[in-house]
Structures are given as structure tokens and as C-alpha cells.
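Adding 2 to a residue's 1-based position in the sequence shown gives its number in the numbering used here. Every residue, glycine too, gets a C-beta built ideally from N, C-alpha and C.
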Amino acid sequence: MALVDVLIPTYRRKTGLAVVLTSLLGQTFTDFDVTVSDQTEDDAAYLESIEIQTLVRALRWHGHQVALHRHRPRRGMAEQRQFLLAQSRAPFVHYVDDDVLLDPPVMERMLGVIQAERCGFVGCPATGLGYLDDVRPHQQNIELWTGPVRPEPFTPDVIPWERHLVNNAANPLHLEQRLARDGRVVRYKVAWVGGANVLYDRAKLLDVGGFSWWHRLPPEHAGEEVVSQFLLIRKYGGCGILPSGTYHLGLPTTVEDRSRNATELFGELIDEYDSHAPPGAAPAGGRRSRWRATPLRERPR
């Protein structure tokens, strides 16, 4: 069994999947296996294409087990992530979306931080290289962890929404130039880190329910990774890191209808999975969370 299972949901993105698999092939950390779940329609499926099969064979040649699944019908991203989680056995699960490019040291950095901090997750925001000249100092009020990563008492009424701004556009790259020189790894506080490139402690993710609540949502929804990260931050802590080394490919979204957001479940999920919350964490009060309309998918903008 590998130390890390890399879990890749894919849909209508053959080129994006090929880029991600190529990125994995070049990682400095190598103790990982790969599971891909494709929900593309049958007439456009691409797991058997020469491009993808060549990369799969290359990964297998280098000692990685690779499992390819055709997982239909589509029931939403939460169900897709839960399906992938159910295939995993490794101590750590690394969700990577099919629209990012990774620097070679990314997995090694993320694993080093999560093993040292023993927190629920470590994430790297997907940054937009097209925004390199768009410097936004008003969005770069980063909150650094100066001590160990610790749980934070998030509730439906207490979320530090403004933290997500540091992950917009190319802000992580500009902050990296200032804070993460000479190989230094910087840990910072987050509200969430999206789902494009996040490493989870598998046991901790399962302890807060994983994505097992997917059936409570319609197939078209967003924010499934956000609510899981809220629960992990509350119970185990979580962080973002710089350098991010994660670049968004700029492909069109495959989740066009975002009128329903998984974060509406946060309050009831606290009640169900938060029986050992940290000292000072407020209860949800049995209420369903009410959220203002806030864009929750961290993508360059």
C-alpha cells in the first residue's frame, strides 16, 4: 500500500487530465498510487485514448498502481469525491482536479506539512498565471500560522470569509515572492482552499463524514469540498501553504449551475460529526446554516 492515494475526478477534460497525470509523473515524492473516476458521457469518453493510456503506462512503469473507473451516471461532485474516497486505503488522500498543473516538489511539500502538523488537510490554491501582472495588495492580508496548526471554532455564523481573497488570481504567487523565498514553506490560515489540490488525512476526513452526505444535494451543486474543510478546520485544523506550485489551466467550468451549495449543510453536519470538537468550539444549535451569496470555488478571478 502506498502512503498517498491520489484521487482525480474528471469530466469532459481529456487535455486537463493528461496535464495532471504528466505532473504526477514528475513529482519528487513517489510513494503514491492513482485512482481516476471519469463521468464523461460514453460517446466522448477518453480513458482509453492513446494519450491517457500512454501516461498510465508510464506511471505504472515507475511503480505506481493506477485504477481507471467509468463512474456513471453523474450525481454531483460530492458523490464523485465520495466514490473516489471509497476506493482509497492509504493513510493520506490527495484530491487533484483535472484542470491544474503541478510543480515537481508540490506533493513532497504538502506531505511534509501534514505529517508535521497532524492537521486535517493541507491545500495549495490553484493560481492563474495570466494574472501575473495583476498585483492586488488589497487582497493579500494573509494570516500566517506562527505556531502549530490548531482547530478553529468555525460555526455557520462565524466564518472568516475574507481569508479566501489571498487565493484569488495570482495573489499566492505574489505572496510567495515576498514570504517564501529560498525554499521556505509558509503555512497560512484559510477559510477553505478549494478542491483543486488538497491533501487530506484520510482517517480525519472520514471522521467528519467525508462526502457521505452527497445524497442530500441535487446533482448540480458546488461547495462540497468547502463544507468538508470547514468541518476539518473546526475539529482538526487545516492550512494553506506557499509556495503553492499549482497552476490553473483556465479551462471552462464543468459545474455551471451553482444555485445550490453544500455549505447549507454545515450546521447539521456539525451536529452529526462533531462530537469531539475542540475546547471553545461553539455548537451549531441544531440550525440549518444560512449563507449569503458568496462565490465559493477558488479559481483565479
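Item, Value
"Top-ranked residue by Cα proximity to residue 124, from 195, 224, 145", "195"
"Through-space distance from residue 224 to residue 85, alpha-carbon basis", "17 angstroms"
"Straight-line Cα distance separating residue 35 from residue 23", "11 angstroms"
"Neighbour-count burial assignment, residue 129, 16 or more Cβ in a 10 Å radius", "buried"
"Residues near residue 107 by beta carbon distance below 6 angstroms, same chain, minus five either side", "30"
"Alpha-carbon to alpha-carbon, residue 121 and residue 113", "11 angstroms"
"Residue burial classification, residue 90 (beta-carbon count within 10 angstroms, cutoff 16)", "buried"
"Which of helix, strand or coil DSSP assigns to residue 257", "coil"
"Residue burial classification, residue 166 (beta-carbon count within 10 angstroms, cutoff 16)", "buried"
"Close Cβ partners of residue 162 (< 7 angstroms) along its chain, the five nearest in sequence each way excluded", "193"
"For residue 13, three-class secondary structure by DSSP", "coil"
"Through-space distance from residue 266 to residue 293, alpha-carbon basis", "For residue 293, the predicted model reports a pLDDT of 35, less than 50, meaning its position is unreliable; a value from the coordinates is still stated below. When rounded, the distance between both Cα atoms is 7 angstroms."
"Simplified DSSP state of residue 223, which is helix, strand or coil", "coil"
"Secondary structure, alpha helix (DSSP H): runs of 4+ residues fully inside the stretch 9-64", "16-27, 52-63"
"For residue 174 and residue 39, the rounded distance between their alpha carbons", "29 angstroms"
"Inter-residue Cα distance where the pair is residue 152 and residue 181", "21 angstroms"
"Environment of residue 171 [buried if 16+ CB atoms lie within 10 Å]", "buried"
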